[in-house]
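Chemist: Take this note's numbering: the final residue in the sequence shown is number 317, and no numbers are missing along the way.
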Amino acid sequence: MTNYSPEYILENMFLQITYAAERKCTPDWKLKGKTIYDRHNLILVYDGEAALVCNDQSYRVSKSNLIYYRPGDYRIGKTSPDNLMKCFTVDFFYTYPVFHDNKWTLTDAVLPFSTVETINDHFLYSRISDLFSNFIKTWFFSDYNRIIRVKAIFMEILSLLLYWKITDNFNYDHIRKIETLINFMSEHYCSKITLQDLADIINISPTYLESIFKKLTGKAPINYLINIRIQKAKELLRDGHKISEVASTVGFSDVFYFSKCFKKCEGIAPSHFLKY
42 MTNYSPEYIL ENMFLQITYA AERKCTPDWK LKGKTIYDRH NLILVYDGEA ALVCNDQSYR
102 VSKSNLIYYR PGDYRIGKTS PDNLMKCFTV DFFYTYPVFH DNKWTLTDAV LPFSTVETIN
162 DHFLYSRISD LFSNFIKTWF FSDYNRIIRV KAIFMEILSL LLYWKITDNF NYDHIRKIET
222 LINFMSEHYC SKITLQDLAD IINISPTYLE SIFKKLTGKA PINYLINIRI QKAKELLRDG
282 HKISEVASTV GFSDVFYFSK CFKKCEGIAP SHFLKY
């Protein structure tokens, strides 16, 4: 894989899903089809066991294992007859554009996963498993916008897995807690919200909240809230509302403090905002 960031790859990825299934193996199940595969294959095991081979390397896989076969990999496998494997599997092609030497080229690099990974983060495994389950249901049982919807779900799966791979001390429990708070602030930004209020929502101490919030977002929680308010304020100012009205609407009780925060975020006073 190139040194392009996960954001770049995901935002510019052209994805083609060719096959998907929830596989509940029978005792005589074996990995059939092409021994040399011509596409990417991602498998999440959620129950049972299987013996797999990839390019002469043998693996024993079970619940919470993620298996990744690359195009050109040699692959065979069979389930444990005493503990039948159950898994989700998706075959896909993908590419993304790269500008180099004054020209665009399409790149089909392998994803940064080992052949067999273990997802030890319980909360991440649970989320990935739920996404795969939803993906399969949409793939088989949905008619309206089916392809668009399955691509969106699969992109979320890839996004989580990529960040899991490249992030030190990845903790999905922290991510879901912070997502909960961001959603809360986005919906209730006009209300009075304290650091203690936010900490109480996710049942952790204010000090610990500040630590994990800043690690994941780069901002302290209250500064993040202020930024949400300022972005909402900009929309209202564009619509012609008065500064004092805007300040009150987005959650500032003091118009002078609102102006100070606005200038800190945007570099100009709200009174000058519409002149630029």
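Where is the CB? At the ideal position from N, CA and C, for every residue including glycine.
1. Which of the three DSSP states, helix, strand or coil, is assigned to Met42?
2. Going by C-alpha to C-alpha distance, which of Thr290, Arg279, Asp295 sits closest to Ser312?
3. On a Cα-Cα basis, can you pick out the residue from Glu220, Leu83, Cys128 that is closest to Ser103?
4. Name the one or two DSSP bridge partners that Asn106 has.
5. Can you tell which of His141, Ser183, Met226 has the C-alpha that lies nearest to the C-alpha of Ile267?
6. Would Lys275 and Phe314 qualify as a contact pair, given that the criterion is a beta-carbon distance under 8 Å?
7. Taking the beta strand (DSSP E) that Thr136 belongs to, which residues open and close that run?
8. Starting from Thr120, trace the beta strand (DSSP E) both ways and give me its first and last residue.
9. With a Cβ-Cβ cutoff of 8 Å, do Phe195 and Phe176 count as a contact?
10. Quick check: the region 91-105 against the region 135-144, are at least 3 beta-carbon pairs closer than 8 Å?
11. Starting from Asp88, trace the beta strand (DSSP E) in both directions and tell me its first and last residue.
Modeler: Checking against the coordinates, here is how it stands:
1. Position 1 of the sequence shown holds residue 42. Because Met42 sits at a pLDDT of 47, beneath the cut-off of 50, its placement in the model cannot be relied upon, and the point is left open.
2. In the sequence shown, the residue the question calls residue 312 occupies position 271. Minimum Cα distance to Ser312 is reached at Arg279.
3. By one-based count along the sequence shown, residue 103 stands at place 62. Out of Glu220, Leu83, Cys128, Cys128 has the C-alpha closest to the C-alpha of Ser103.
4. Here residue 106 is taken as the residue at index 65 of the sequence shown, counted from 1. Asn106 is bridged to Thr159.
5. Residue mapping note: residue 267 aligns to position 226 of the sequence shown, counting from 1. It is Met226.
6. The residue given as residue 275 occupies position 234 in the sequence shown. The residue given as residue 314 occupies position 273 in the sequence shown. A contact, by the Cβ cut-off of 8 Å.
7. On the sequence shown, residue 136 is found 95 positions in, with the first residue counted as 1. Unbroken beta strand (DSSP E) run through Thr136: 127-141.
8. Here residue 120 is taken as the residue at index 79 of the sequence shown, counted from 1. 116-120 is the extent of the beta strand (DSSP E) around Thr120.
9. What you label residue 195 is simply residue 154 of the sequence shown in a count that begins at 1. What you label residue 176 is simply residue 135 of the sequence shown in a count that begins at 1. Their beta carbons are under 8 Å apart, which means Phe195 touches Phe176 by this criterion.
10. no
11. As a first step, residue 88 is located in the sequence shown; it is residue number 47 there, counting from the start. Start and end: 81-88.
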